[in-house]
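A.B. asks: So the protein lines, in turn, are chains L, Y, X and D.
Using the working numbering, read the first sequence as starting at 1 and increasing by one per residue.
Using the working numbering, read the second sequence as starting at 1 and increasing by one per residue.
Using the working numbering, read the third sequence as starting at 1 and increasing by one per residue.
Using the working numbering, read the fourth sequence as starting at 1 and increasing by one per residue.
First the structure, which I've put down as structure tokens, then a few questions once you've had a look.
Number of protein chains: 4
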Amino acid sequence: MNRLHVPVSLRWSDLDAYQHVNNVEMFRLLEDARITAFWRHPEAEDPWPTAILDTGPHATSHTLVAGQQIEYLRPLQFSRDPVRVEMWIGSLGGASLEVCYEVHDGAPGGFARTGPPSGAEPYTRAVTTIVVIDAASGSPRRITPEERAVFEEFSGDPIEFRRRR
Amino acid sequence: MNRLHVPVSLRWSDLDAYQHVNNVEMFRLLEDARITAFWRHPEAEDPWPTAILDTGPHATSHTLVAGQQIEYLRPLQFSRDPVRVEMWIGSLGGASLEVCYEVHDGAPGGFARTGPPSGAEPYTRAVTTIVVIDAASGSPRRITPEERAVFEEFSGDPIEFRRRR
Amino acid sequence: MNRLHVPVSLRWSDLDAYQHVNNVEMFRLLEDARITAFWRHPEAEDPWPTAILDTGPHATSHTLVAGQQIEYLRPLQFSRDPVRVEMWIGSLGGASLEVCYEVHDGAPGGFARTGPPSGAEPYTRAVTTIVVIDAASGSPRRITPEERAVFEEFSGDPIEFRRRR
Amino acid sequence: MNRLHVPVSLRWSDLDAYQHVNNVEMFRLLEDARITAFWRHPEAEDPWPTAILDTGPHATSHTLVAGQQIEYLRPLQFSRDPVRVEMWIGSLGGASLEVCYEVHDGAPGGFARTGPPSGAEPYTRAVTTIVVIDAASGSPRRITPEERAVFEEFSGDPIEFRRRR
């Protein structure tokens, strides 16, 4: 199983009055990782393998967050070193996908962009359901074969959350 | 079924580049509603019925967010009028509880603090699992009978999310 | 001298790890007050007297923040009660204006929308320089006589900051 | 004149509904640069030369932001590449200092931690007045000779803002 390993820098303002990264702010870190890894930027010279979702004012499609789930396992302290967000695709539908995340300490010697699961207990596990939208019609559109091939390269098991709802 | 009806003011900065309330920021609104309704503030003259969880530097207990789940049903635009966050307790354990939320338009003529479900389709539905922690030991502590009696007054059915995991 | 008195709700997330409203977040509160008081919203039934600046996707003009200055006089704690942001126009140019602010405790019995300076020592004093932009050309445009008449009603002395630069 | 050159990563959430880095969020980037460069972190293996201000729960001193001023010269777009915040000390008092900033595009080939002014027109120029506080007494304390020597290494001319107040 191949995962994306995305470095995300913390900000001191991610801390709340308890001096840990705030539970809401954790979703901000995940958003940051997701945009880094998935969105195609016109200016990017060295894109991530998954950077295939168009964005920006002239994009022909965009994405919509339909739902999210998260589990906080350990409090995350502030550090100058970025965290490593491991990401994979837990489920791939016709027009939607589930992006899974684990937040880990960053590797001190730099980041390989992809790699196997680190195996350590993460700070947090989460999943975001994303729907791909056709910008012209505003309706969901099918994931293209090109997109599907890339996403399948990073497919993995869905997260089993401890609490079922 | 009795719900808390908590007004929460939007901020223009809750909007993202798509000009809707950002999906992460929605958790911020829910956090705000939760703290308004549940936390006891020394200065409060007119507390919410559920404002029974101690807080602040000398509190004997505090709370920990163990997990969250959310479903976005409709985009929320900026408005000067606060939204109405309807809250209830979907599940009550020994040391934990599940706070359920629906985000609705606010009533133009003011807010009753408690009331029945509004019945309209919400913008968002969500649940937060909270664990009550003894400040001295740092470990979960049992919900007291006094707290339990208040929470039971606002108990209701857990949310059935459309996507199961 | 007539001031706008704008209520702004705090959020628990405005606190930083020092458990005061964070110095950056203070600008967020001021932004919120400014947008409440100055921007015209299509949906607003009871606009502020100064709500004459068009906004939104079809607006013919928008505004640009050119600069800001702030002085923090006392730390602001979290409270359920909104703060009262007193606002006035410290300077009015051809295409720009300086919005002045003082942050005070809110009046317990509700807010008059306009009134004299409260006279108490504020938590914070600040000024924002705003330039009015023609949406079609992207260039500064002259403040109209209608806008000018409203702004002049709330004109007052510029803030004398303690530290000069 | 020697400046600190601090890389700061943007977040997509720094954008506001105008799709530029929000004017308030710009202070967030500056806060991030300041904390990266000045605060001593127990875990840091490779600290910045200026990382001499204690912090954290057991710190013997902390700092207080007394005032800020900013000028926005050009809108900043979202980019995957971090910006380069150039920082220097514009003024050094008995217990206070003025940290000056310019925000520039980041160098593509990596960051030298210190260097001369880049000379290009910045996106933003700003200054923060910081007071050093003795944690035990809560009062301002004198900047130590050790601290002063480091700050003087990065002293430079105060910023001349275009608009005087």
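For each residue, glycine too, the CB sits at the ideal point set by N, CA and C.
Pairing CB atoms from the segment 117 to 131 of chain X with CB atoms from the segment 134 to 146 of chain Y, are three or more of them under 8 Å?
C.D. replies: These segments do not touch.
A.B. asks: What span of residues does the alpha helix (DSSP H) with V21/X cover, start to end?
C.D. replies: Residue mapping note: residue 21/X aligns to position 21 of the third sequence, counting from 1. Careful: V21/X lies outside any alpha helix (DSSP H) and carries neither H nor E.
A.B. asks: How would you label M26/L, buried or exposed, when you count the other beta carbons within 10 angstroms and need 16 or more for buried?
C.D. replies: Taking the first residue of the first sequence as 1, we reach residue 26/L at position 26. M26/L comes out buried.
A.B. asks: When the distance is taken between beta carbons, is T63/L closer than 8 Å to L53/L?
C.D. replies: The residue you call residue 53/L lines up with position 53 of the first sequence. The residue you call residue 63/L lines up with position 63 of the first sequence. It is a contact, given that the beta carbons lie within the stated cut-off.
A.B. asks: Inspect the CB distances between the segment 143 to 155 of chain X and the segment 86 to 98 of chain X and report whether three or more fall short of 8 Å.
C.D. replies: Yes, since at least three Cβ pairs between the segment 143 to 155 of chain X and the segment 86 to 98 of chain X fall closer than 8 Å, the two stretches touch.
A.B. asks: Look at the alpha carbon of N23/D and the alpha carbon of L15/D, and state the distance between them as a whole number of angstroms.
C.D. replies: By 1-based counting over the fourth sequence, the position of residue 23/D is 23. By 1-based counting over the fourth sequence, the position of residue 15/D is 15. Each residue's Cα considered, the two are about 9 Å apart.
A.B. asks: Which chain D residues are close to E31/L, counting only those with a beta carbon under 7 Å from its beta carbon?
C.D. replies: Taking the first residue of the first sequence as 1, we reach residue 31/L at position 31. What E31/L touches in chain D: W12, S13.
A.B. asks: Determine which residues of the segment 70 to 93 of chain X have a Cβ less than 7 Å from any Cβ of chain L, and write them out in chain order.
C.D. replies: Listed by position along the chain: nothing, the set is empty.
A.B. asks: Between the C-alpha atoms of Y72/L and P117/X, what's the straight-line distance to the nearest angstrom?
C.D. replies: Counting from one through the first sequence, the residue named residue 72/L turns up at place 72. Counting from one through the third sequence, the residue named residue 117/X turns up at place 117. Taking the straight line joining both Cα atoms gives about 47 Å.
A.B. asks: What residue range does the beta strand (DSSP E) around R3/L cover?
C.D. replies: As a position in the first sequence, residue 3/L is number 3, starting the count at 1. 3 to 8 is the span of the beta strand (DSSP E), which, as asked, contains R3/L.
A.B. asks: From F38/Y to G156/D, what does the alpha carbon distance come to, in whole angstroms?
C.D. replies: Looking up residue 38/Y in the second sequence gives position 38. Looking up residue 156/D in the fourth sequence gives position 156. F38/Y and G156/D: Cα-Cα distance of roughly 50 Å.
A.B. asks: What residues of chain X sit near R113/D, judged by a beta carbon separation below 7 Å?
C.D. replies: The sequence position of residue 113/D within the fourth sequence is 113, counting from 1. Neighbours of R113/D on chain X: none; closest Cβ ~24 Å, over 7 Å.
A.B. asks: Pick from R141/X, G106/X, W88/X: whose alpha carbon is nearest that of R34/X?
C.D. replies: In the third sequence, residue 34/X corresponds to position 34, counting from 1. Ranking the options by Cα distance to R34/X, first place goes to W88/X.
A.B. asks: According to DSSP, simplified to helix, strand and coil, what is I133/D?
C.D. replies: One-based indexing of the fourth sequence puts residue 133/D at position 133. Strand at I133/D.
A.B. asks: A51/Y and V131/Y look like a contact to me (Cβ under 8 Å); what is the Cβ gap, rounded to whole Å?
C.D. replies: Residue numbering aside, residue 51/Y sits at position 51 when the second sequence is read from its first letter. Residue numbering aside, residue 131/Y sits at position 131 when the second sequence is read from its first letter. Rounded, the Cβ-Cβ distance is 19 Å, inconsistent with contact.
A.B. asks: Between Q68/L and chain X, is any beta-carbon pair separated by less than 8 Å?
C.D. replies: Residue numbering aside, residue 68/L sits at position 68 when the first sequence is read from its first letter. So, not an interface residue.
A.B. asks: Residues of chain D with a CB under 7 Å from the CB of N23/Y: which are they?
C.D. replies: Residue 23/Y sits at position 23 when you count from the first residue of the second sequence. The premise fails here: N23/Y is roughly 10 Å from chain D at the closest Cβ pair, so nothing lies under 7 Å.
A.B. asks: Which of helix, strand or coil does DSSP assign to P145/X?
C.D. replies: On the third sequence, residue 145/X is found 145 positions in, with the first residue counted as 1. In the structure shown, P145/X sits in a helix (DSSP, three-state: H, G or I).
A.B. asks: Just to confirm my understanding: we take F161/X, look at its own chain, exclude 5 residues before and 5 after, and list those with CB closer than 6 Å. What are they?
C.D. replies: Within the third sequence, residue 161/X is the residue found at index 161, counting from 1. Once the five neighbours on either side are set aside, the close Cβ partners of F161/X are E71.
A.B. asks: In whole angstroms, what separates the C-alpha of V21/Y from that of R74/Y?
C.D. replies: Position 21 of the second sequence holds residue 21/Y. Position 74 of the second sequence holds residue 74/Y. Rounded to the nearest angstrom, the two C-alpha atoms are 10 Å apart.
A.B. asks: Please confirm whether I130/D has its beta-carbon closer than 8 Å to some beta-carbon of chain L.
C.D. replies: Position 130 of the fourth sequence, counting from 1, holds the residue named residue 130/D. No, no contact with chain L.
A.B. asks: What residues from the segment 137 to 158 of chain Y come within 9 Å of chain L, judged by C-beta to C-beta, listed N to C?
C.D. replies: Correct list: P158.
A.B. asks: I want to see whether chain D comes within less than 8 Å of Y18/L, judged by CB atoms only; does it?
C.D. replies: In the first sequence, counting from the first residue as 1, residue 18/L sits at position 18. Cβ-Cβ to chain D under 8 Å: no for Y18/L.
A.B. asks: What's the C-alpha gap between V103/D and E86/L?
C.D. replies: Within the fourth sequence, the letter at position 103 stands for residue 103/D. Within the first sequence, the letter at position 86 stands for residue 86/L. Roughly 30 Å separates the two Cα atoms.
A.B. asks: Classify W48/D as helix, strand or coil using the three-state DSSP reduction.
C.D. replies: For this step, residue 48/D is matched to residue 48 along the fourth sequence. W48/D: coil per DSSP, three-state reduction.
A.B. asks: Please report the Cβ distance between T129/X and E98/X, rounded to the nearest whole angstrom; I am assuming they are in contact, meaning their Cβ atoms lie under 8 Å.
C.D. replies: Residue 129/X sits at position 129 when you count from the first residue of the third sequence. Residue 98/X sits at position 98 when you count from the first residue of the third sequence. That belief holds up - the Cβ atoms of T129/X and E98/X are roughly 5 Å apart, short of 8 Å.
A.B. asks: Rounded to whole angstroms, what's the CA-CA distance from A112/Y to M1/Y? Just pull it up for me.
C.D. replies: Counting from one through the second sequence, the residue named residue 112/Y turns up at place 112. Counting from one through the second sequence, the residue named residue 1/Y turns up at place 1. Straight-line Cα distance between these residues: approximately 15 Å.
A.B. asks: With respect to the beta strand (DSSP E) encompassing I89/D, which residues constitute its N-terminal and C-terminal limits?
C.D. replies: Here residue 89/D is taken as the residue at index 89 of the fourth sequence, counted from 1. Residues 83 to 92.
A.B. asks: Looking at the C-beta of I52/D, does it have a partner C-beta in chain L at a distance below 8 Å?
C.D. replies: In the fourth sequence, the residue the question calls residue 52/D occupies position 52. I52/D does not count as touching chain L.
A.B. asks: Checking the sheet assignment: what are the DSSP bridge partners for G67/L?
C.D. replies: Position 67 of the first sequence holds residue 67/L. Partner(s): T129/L, E71/Y.
A.B. asks: Taking the C-alpha atoms as reference points, what is the distance between R185/X and D32/Y?
C.D. replies: Past the edges of chain X, shown from 1 to 165, lies residue 185/X, and the structure says nothing about it.
A.B. asks: Taking the beta carbon of R3/Y as the centre, do at least 16 other beta carbons fall within 10 Å, making it buried, or is it exposed?
C.D. replies: By 1-based counting over the second sequence, the position of residue 3/Y is 3. Flag for R3/Y reads buried.
A.B. asks: Tell me, please, whether the CB atom of F38/D is closer than 8 Å to any CB atom in chain X?
C.D. replies: In the fourth sequence, the residue the question calls residue 38/D occupies position 38. Answer no: the Cβ-Cβ gap between F38/D and chain X never drops below 8 Å.
A.B. asks: Tell me which residues share the same chain as I159/L and place their Cβ nearer than 7 Å to its Cβ, disregarding the 5 neighbours each side in the sequence.
C.D. replies: Against the first sequence, residue 159/L aligns to sequence position 159. G90, C100, R125, V127.
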